[in-house]
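Trainee: What follows is a structure written as structure tokens; I'll ask about it next.
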Amino acid sequence: MKISALYVGLAFCAIGLLLADCNSIGSSATAPLLSSQSGSSSPSPIEHVVIMIQENRTFNDFFATFPGADGTTTGKVVANEGCSPPIPYKESIKLTKMPLVLPRDLNHSFKSGYSVAYDGGNVDAFDLIKFGGTGPPECTYPYQYTDPEQIQPYWDMAEQYTLAEHMFTVQGSDSFAAHQDLIRGGTIVEPGKAMIDLPNCSGSKCYWGCDAPKGTITHLITEKDEYIKDGPFPCTTHFKATYETLRDLLDAAGISWKYYVPPTDTSYGKLMSAFDVIAAVRYGSEWKTNVITPQTKIFDDVAGGALAAVSWVIPDQNDSDHPGTKTDDGPQWVASVVNAIGESSYWNSTAIVIVWDDWGGLYDNMGKLSTKRYGYGGLGLRVPALIISPYAKPGYISSTSYTFGSILKYVEQNWNLGSLGTSDSYSKSIIDCFDYQQPPIQFSPLPSSLGKSYFMHEKPSFRPVDTDM
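Note that this note's numbering has the sequence shown beginning at 2, numbered continuously upward.
Okay, structure coming up:
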């Protein structure tokens, strides 16, 4: 076992994290490929896991009124005389139903966004967050939820398959760290320090990774949540700690993987490609063989029998749910990929996990872990998560507390990969969203106003999937 993995695992257990059994830290599975996972009484029929990543929404924003879910249409606030009208002392306010396309982005950094809203565990000060960190207060703008009619495909998936209502981000930060968490479950780059928020570069050539301009630095946070501005260049060659990802475990076991990402050009560098941080991928052969552009090639791979065992899929900005953009075809984009897999020969052996990368600055009532803090800026707020599979529990709402490490842990256990020793060590697997003994759900195409053909012929926006500066 790596010392770093033991250190992180024991640290989280010591402070009472209740997401998993601490005795499992560092253990290695020895079951065959089709293993019987913890929480499942039969071998896994899953041969393919597709992780579809969307942008910047809280669970409550999308599922506030979903029947039986842990949502609300009221939010806690603190007094803010700087708003118009002023917000009185400790008044609960009604959330506003809003369209999917939002005209303005919200502040969702750790330091000036999440830490303010968290308010020492009260999770009530979203109205004190300032636009851009230094602008006017956001006041009632974060206190909203999306009109369900505009995200009907997501609700259809939740009704037919499994909705995870307590999926927490590993950190209370934004997209850069979140996308790292989705490939490795943590961002520790040296003992006691982890990356958080965004690298400091700006302009047309600002890539969040090894391609960043010279002089780019990251921001760090300590285990005690102390914020440090002077972090390393965002490339693993500059990190002082071992920085393995799920790719390392998959490669070691001979398990295939692909990372589908929109195309970039010289005008917009911030297209989200998490493996650009991983020097062994960025400067190795896998940059061309495993990092696939454009993201719509997943349709070709599904149709052509070339779907990898594990896939990550990143949307174009036009198909991202990120607030502050002019277009959001996100629900239709996700539905089109689900339909393509559902109508293919891959359906009976696939699990599709749809997750939103960070909270986006929007209100959430936090669920059952609202007072928990675990260091390195975490846990963050809840984000939506959907599990689509013929073996997903139909119409089920899972109240189990998950993190992004729960997704990684499911993959690790499904293929007997061992553990990264990051958030996968302390998180419960999403295995309880499945029932391998149930009769497989026969796929029924999801109604959607836009289909596979539209997205395959859609011109790339060449704009960053995340618009944060």
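The C-beta atom is built at its ideal place from N, Cα and C for all residues, glycine as well.
1. By Cβ distance, which residues of its chain are closer than 7 angstroms to E160, with the 5 residues on each side in sequence left out?
2. Going by CA-CA distance only, name the one from T246, I432 and M367 that's closest to T59.
3. Measuring straight from C-alpha to C-alpha, what distance separates S45 and Y437?
4. Just tell me which of S426, L183 and R105 has its CA closest to the CA of T326.
5. Any idea what DSSP makes of F435, helix, strand or coil?
6. Expressed to the nearest angstrom, what Euclidean distance is found between the alpha-carbon atoms of D358 and Q439?
7. As a quick exercise: from C434, D322 and G136, pick the residue whose alpha carbon is nearest that of V354.
8. So what does DSSP say about V262, is it helix, strand or coil?
9. Using alpha carbons as the reference points, say which of G406, R283 and W258 lies closest to Y208.
10. On the three-state DSSP scale, how would you describe V356?
11. Distance, Cα to Cα, S462 vs S205?
12. Give the range of the beta strand (DSSP E) segment to which F64 is assigned.
13. Three or more beta-carbon pairs under 8 angstroms between the segment 329–341 and the segment 72–83, yes or no?
14. Between the segment 237–251 and the segment 295–304, can you find at least three pairs of beta-carbon atoms closer than 8 angstroms?
15. Would you identify the three-state DSSP class for G343, choosing helix, strand or coil?
16. Quick check on L409: does DSSP put it in helix, strand or coil?
17. Which residue comes first and which comes last in the alpha helix (DSSP H) that contains L221?
18. Using the Cβ count rule (16 or more neighbours within 10 Å means buried), how would you classify N123?
19. Taking the alpha-carbon positions, what's the W258 to E287 distance?
20. Apart from the five residues on each side of it in sequence, which residues of its chain come closer than 7 angstroms, Cβ to Cβ, to W333?
21. Do E56 and G362 have their CB atoms nearer than 9 angstroms?
22. For T404 and G376, I'd like the C-alpha separation in whole angstroms.
23. Would you kindly report the start and end of the unbroken alpha helix (DSSP H) that includes R283?
24. Going by beta-carbon coordinates alone, are V466 and D317 separated by less than 9 angstroms?
25. Using C-beta distances below 6 angstroms, list every residue in its chain close to D157, excluding the 5 sequence neighbours before and after it, in chain order.
26. F300 by DSSP, collapsed to three states: which one?
27. By Cβ distance below 6 angstroms, which residues in the same chain neighbour K112 in space, the five residues on each side in sequence not counted?
28. How many Å lie between P324 and T238 at the Cα?
29. With DSSP collapsed to three states, give me the class of V79.
30. Opposite A195 in the DSSP bridges: which residues?
31. By how many angstroms is the C-alpha of S445 removed from the C-alpha of F67?
32. Considering only their Cβ atoms, is the gap separating A165 from Q172 smaller than 9 angstroms?
33. Taking DSSP as the reference, what is the three-state secondary structure of R248?
Mentor: In short, the structure shows the following:
1. Around E160: G396.
2. M367
3. 7 angstroms
4. Nearest C-alpha to T326 among S426, L183 and R105: R105.
5. strand
6. When rounded, the distance between both Cα atoms is 30 angstroms.
7. C434
8. coil
9. R283
10. If DSSP states are grouped into helix, strand and coil, V356 belongs with the strands.
11. 15 angstroms
12. F64 -> not in any beta strand (DSSP E); alpha helix (DSSP H) instead, spanning F60 to F64.
13. They do not touch, by the three-pair rule.
14. no
15. helix
16. Reduced to three states, the DSSP call for L409 is helix.
17. Per DSSP, L221 belongs to no alpha helix (DSSP H); it is in the beta strand (DSSP E), H220 to T223.
18. exposed
19. 10 angstroms
20. Correcting the residue identity first, residue 333 is Gln in this sequence and not Trp. Contacts found: P154, S449, S450 and L451.
21. no
22. Distance between the alpha carbons of T404 and G376 is about 14 angstroms.
23. A280 to R283
24. The Cβ atoms of V466 and D317 lie closer than 9 angstroms to each other.
25. L447
26. helix
27. Y228
28. Rounded to whole angstroms, P324 to T238 spans 33 angstroms at the Cα level.
29. coil
30. I189 and I222
31. So the alpha carbons of these two residues sit roughly 21 angstroms apart.
32. no
33. helix
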